[in-house]
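In UniProt numbering, the protein residues as written are 1 to 408. Using N, Cα and C, we set each Cβ at its ideal position, and we do this for glycine too. In what follows, a single structure is set out as structure tokens and then discussed.
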């Protein structure tokens, strides 16, 4: 009797990219064993959904693709293969309905990540996925097998195809500690890890920190060079953080790396033009204090007024023309990125020139890398997660092709 052999694959990492790779492989008839270092899967995914799981963004695909900066050329084919619309269809296939928020971000109607993850894992298990938790990958053995530290001691496993989806180097407490780079750099070209979607330090005065740390700065426009975005951010004890800051994170980080600092410019009154401000500020303030005059003329108070005093020289406040212009372009000097372990995501990892196709390691045929292991970055807003899904699917497809399994 002819023996029927099911091709085998190993997936290392139980986040969105690894699970998506396993999903595709199972669909292609491949038996899959998935290993993860943590006691349960998808911990960073669950943390991302703690305050509302932002699955993707609903903007047109051509606009969506521009959010990936220098990584677009590498990512585009994968994103077109599994785009923002496909993410919503995939979630619906799991019985999870989604909606588009006012900002264009897409969320599950339940807002949480846990129901989606439970349904996804149940479907994968029903299709034969074998899951091994508390298995921390520590590199390759002399025979090429994958070595895992487990509660019962080291074990070595091997399969014809391996998908590595170990994440980047942010949120190490959730499993993405970047330790894999230590035993991969002798085999694969890597770019150093750097914080992405991170806050920045500002040399606040103690008085400003005491009064305003933790305060949100709302309804502003942030400018980095010629690029401007509306949004909000939060003042922290060390500097600033928030989604509006993260949108500029890559550019600002690179400026800090090159020159030792970066400048972000704030328009504190997007709804009031400079001419209107100057006219209001030029009126005689009589016996009013400068603070009262500023509030009545511009609407600025609290943390916004505090930012003006923190960032502008005192003589600017004596000239309505200069002050009106300054309110529309408050210079905020950033002196460093926050540490990598505090970042939402990381740049760096497996370099583009180290892979063939999109995900196969050129030096290691049959081994594929997916998700944040690869050297790309994107802002928050659903872009990160969509790209992890798309790259996981591409790694699964390329691994299945390597094994010679046909699409179903």
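| Item | Value |
| --- | --- |
| Validate contact between the segment 364-376 and the segment 227-238 using beta carbons, cut 8 Å, 3 pairs | no |
| Under the three-state DSSP convention, the category residue 180 falls into | coil |
| Burial state of residue 84, where buried means 16 or more other Cβ atoms lie within 10 Å | buried |
| Burial state of residue 331, where buried means 16 or more other Cβ atoms lie within 10 Å | exposed |
| Where residue 39 falls: helix, strand or coil (DSSP) | coil |
| Where residue 208 sits in the DSSP three-state scheme | helix |
| Boundaries (first-last residue) of the alpha helix (DSSP H) holding residue 91 | 84-93 |
| Residue 59, buried or exposed, once every other Cβ within 10 Å from all chains shown has been counted against 16 | buried |
| Delimiting residues of the alpha helix (DSSP H) encompassing residue 245 | 243-246 |
| Rounded distance between the beta-carbons of residue 310 and residue 208, thought under 8 Å | 5 Å |
| Beta carbon of residue 161 nearer than 7 Å to that of residue 389 | no |
| Through-space distance from residue 246 to residue 254, alpha-carbon basis | 13 Å |
| DSSP state of residue 98 mapped onto helix, strand, coil | strand |
| Residue span of the beta strand (DSSP E) that contains residue 137, given as start and end | 136-140 |
| CA-to-CA distance, residue 351 to residue 281, given in whole angstroms | 53 Å |
| DSSP bridge partner residues for residue 337 (one or two, in chain order) | 200 |
| Beta-carbon contacts of residue 211 that lie in its chain and below 7 Å, excluding the five residues immediately before and after | 306 |
| Residues bridged to residue 131 [DSSP beta-bridge criterion] | 34 |
| Member of 166, 195, 358 whose CA lies at the smallest distance from the CA of residue 36 | 166 |
| Alpha-carbon spacing of residue 92 relative to residue 314, whole angstroms | 57 Å |
| Straight-line gap, residue 340 to residue 147 (C-alpha atoms, nearest Å) | 27 Å |
| Three-state secondary structure assigned by DSSP to residue 189 | coil |
| Inter-stretch contact (C-beta, 8 Å, three-pair minimum) for the segment 151-159 and the segment 18-28 | no |
| Residues bridged to residue 378 (per DSSP) | Beta-bridge pairing links residue 378 to no other residue. |
| For residue 67: DSSP bridge partner residues | Beta-bridge pairing links residue 67 to no other residue. |
| Length of the line joining the Cα atoms of residue 198 and residue 345 | 8 Å |
| Enclosing beta strand (DSSP E) for residue 231 [first to last residue] | 227-235 |
| Presumed contact (8 Å Cβ cut-off) between residue 335 and residue 142, rounded CB distance | Not quite, the Cβ-Cβ distance comes to about 47 Å (not below 8 Å), so this is no contact. |
| At least 3 beta-carbon pairs within less than 8 Å: the segment 47-57 vs the segment 104-120 | yes |
| Distance between beta carbons of residue 370 and residue 395, contact taken as under 8 Å | 4 Å |
| Under the three-state DSSP convention, the category residue 1 falls into | In this predicted model, residue 1 has a pLDDT of only 36, less than 50, meaning its place in the structure is not dependable; the value taken from the coordinates is given anyway. Three-state result, residue 1: coil. |
| Cβ shell of residue 44 (< 8 Å), same chain only, five flanking positions each side left out | 15, 167, 171, 174, 175, 176 |
| Three-state secondary structure assigned by DSSP to residue 288 | coil |
| Residue of 218, 303, 164 minimising C-alpha distance to residue 366 | 164 |
| CA-to-CA distance, residue 48 to residue 397, given in whole angstroms | 26 Å |
| Reduced DSSP secondary structure (H/G/I, E/B, other) of residue 168 | coil |
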